[in-house]
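In full-length UniProt numbering, the protein residues as written are 1 to 242.
Just so it is clear, CB atoms sit at the ideal spot from N, CA and C, and this is done for glycine as well.
Down below is the structure, laid out as structure tokens.
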Amino acid sequence: MKLRFSYKFFILIFLAFVFAAILFIFQKPPQVGEAPETIFNPATPDVVLADQVLLNVPFTSQAPLADWIDPRHQEGCEEASLLMAWLWINGQNMTKDEAEKTIEDMADFELYTYGNFRDTNAYDTARVMKDYYQYEKTEVKINPTIEDIKNALRQGKLVLVPVNGQKLNNPNFKRPGPTTHMLVIKGFDNSKNQFITNDPGTRLGESYIYDYPVVYDAMVDYPTGDHLSQDDRPKSMIVISK
């Protein structure tokens, strides 16, 4: 009787091992370079303190499906930044497919309405927010200080800044990086002297950290157009309220 029990136990162990081996062999391997879907919980509260702010903003890159050849995505940092702001306002998230389509649709809208979608400066980007989304709670500030950015965040407002992306020295950008770029500043941490951003220029841009002086030195209100000169251009920020 004891021998029969031992034999059955051995068979069960052997079958379990075979089953586990089959699962391991046929399990789909992760795709190298595949961007994960953003996990966004609209119920997560914003953190708003005097020395630290983190707004709950969903993330998308400007090329959600990694189509960097399409100029609407190659030049889509402003559109992606506005999309993130819109999702934040409404407490929503999007799939990659939905974000891809929205960025393309917004660029098409700009081309049809204004004749251009490339490198829109702060005022023209704010205009897209008003015309495309019919949303008026936007304000452009010229030559803001670091403290101006932090004060807007302390008030629970989102900040978008146009920058010379090459000055960010983000290792995830294709070298040398974009001279015209826009990102979302959703928080800061005074204990580390860092801004917390959603940078649409990389699939790894969610909650990307930059030191205060890095962002501020890179800020420039580049002119609307196709990579026009940034000489003598001021700094700017777009402040968006819920």
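Residue j and residue i - do their beta-carbons sit closer together than 8 Å?
i	j	result
N121	T224	yes
M84	T113	no
K157	S241	yes
T125	I39	no
W86	Y123	no
H227	D119	yes
D51	N190	yes
V53	F188	yes
Q62	P200	yes
V128	L160	no
N143	K235	yes
K137	D148	no
L55	L153	yes
I103	E139	no
G177	Q166	yes
State buried or exposed for residue i, treating a residue as buried only when at least 16 other CB atoms are found within 10 Å of its CB.
i	result
H181	buried
T145	exposed
H73	buried
Q155	exposed
T95	exposed
P64	buried
P58	buried
D221	buried
K130	exposed
K186	buried
G76	buried
K150	buried
I69	exposed
V18	At V18 the pLDDT is 46, less than 50, meaning the model places this residue with poor confidence; the figure from the coordinates comes in the next sentence. So V18 ends up on the exposed side.
A43	exposed
P213	exposed
P45	exposed
For residue i, name the three-state secondary structure that DSSP assigns.
i	result
K242	coil
P200	coil
I146	helix
M94	coil
D105	helix
D217	helix
I89	helix
P162	strand
H227	coil
F173	coil
L183	strand
What does DSSP give as the partner residue(s) for residue i in the beta ladder?
i	result
V128	According to DSSP, which records beta bridges pairwise, V128 is partnered with nothing at all.
K141	M237
Y210	F195
F188	V53, F195
Quiz prompt | contact_flag[the region 170-181, the region 195-209] where n(CB pairs < 8 Å) is 3 or more | solution = yes
Quiz prompt | Contact the region 212-226 vs the region 92-112: 3+ CB pairs below 8 Å | solution = no
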